[in-house]
Structures are given as C-alpha cells and as structure tokens.
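Notes follow the structure.
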Amino acid sequence: MLIGLEPGKLECGNLETMYETFFGLDEPPFRLTPDPRYLFLSRRHREALGHLSFGIRDGAGFVAITGEIGAGKTTLLRSLLRDADEKIQYAYVLNPVMTGVELLEEINHELGLR
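Taken in order, the sequence shown gives residues 3 to 116; the numbers are from this note's numbering.
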C-alpha cells in the first residue's frame with residue numbers, strides 16, 4: 003500500500019511511470035546508464051576532471067581513471083566527452099580485468115586501429 007495515493011490513481015504495471023506521476027517528474031528517474039546532466043562535482047570529482055582536462059588539453063597521452071563501483075567514473079567521463087572537441091580520440095574500455103596485451107588490443111579496437 004502506498005500512503006497518500008488514492009486507489010486507482012496510478013497504474014501498478016510500470017514502476018517508472020509510477021515514480022514520474024507520484025513525484026511530478028518530467029522523465030524517468032532511474033536509468034541503466036548514468037546521465038552526465040545530473041553530475042554532482044564533489045571536491046574529488048572536480049580534481050579528477052581537472053586532471054583529465056589537463057591530460058587531454060596538453061596532450062599528456064594516456065590518462066586512466068579508476069575507482070570503486072558507483073564512484074562516478076563513467077558519469078564524469080561522459081560529462082567530459084559530451085563537451086569535448088570532436089577531434090579528440092578516446093578508447094572506452096569497460097572491462098577492468100584484462101592482460102596487458104588484451105588492454106592494448108581493446109584500445110586499438112576502440113580507436114579503429116589494426
């Protein structure tokens with residue numbers, strides 16, 4: 003039972019629709035992939051974003067970002083890449099468990115290299 007709702011006001015079949023209706027949201031609140039529009043830049047996130055921007059802007063070459071699951075790595079990177087120059091090439095490596103050779107193969111694949 004949901005408190006504060008009148009019976010029959012919401013359909014029970016779609017949980018996202020229920021959240022949107024109940025809270026007056028314009029879009030679904032929960033997605034499978036993070037949305038960089040909702041990025042909260044904590045002190046550490048600002049610091050990481052600064053290092054990434056510096057690495058890209060000054061051509062530092064290889065930049066890696068690591069952290070615990072849910073720390074905001076993906077959202078931070080998507081935010082950075084959303085606003086980045088189209089000339090910037092990047093490899094999006096999602097599998098953290100690879101040998102050195104596998105990592106190089108994946109980077110080459112992502113960059114369209116053979």
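Glycine is no exception: its CB is placed at the ideal position from the N, C-alpha and C atoms. All figures in this text were calculated on a predicted structure; none of them were measured in a lab.
8 Å contact criterion, which residue i and residue j should meet: CB distance rounded
i: residue 80; j: residue 36; result: 7 Å
i: residue 93; j: residue 113; result: 6 Å
i: residue 82; j: residue 55; result: 7 Å
i: residue 50; j: residue 67; result: 6 Å
Segment limits, alpha helix (DSSP H) that includes residue i
i: residue 105; result: 102-112
i: residue 49; result: 45-59
i: residue 80; result: 75-84
Proximity of residue i and residue j at Cβ, strictly below 7 Å
i: residue 47; j: residue 78; result: yes
i: residue 108; j: residue 95; result: yes
i: residue 31; j: residue 40; result: no
i: residue 65; j: residue 52; result: no
Task: the segment 63-77 contacting the segment 28-42, beta-carbon criterion three pairs below 8 Å - done: yes
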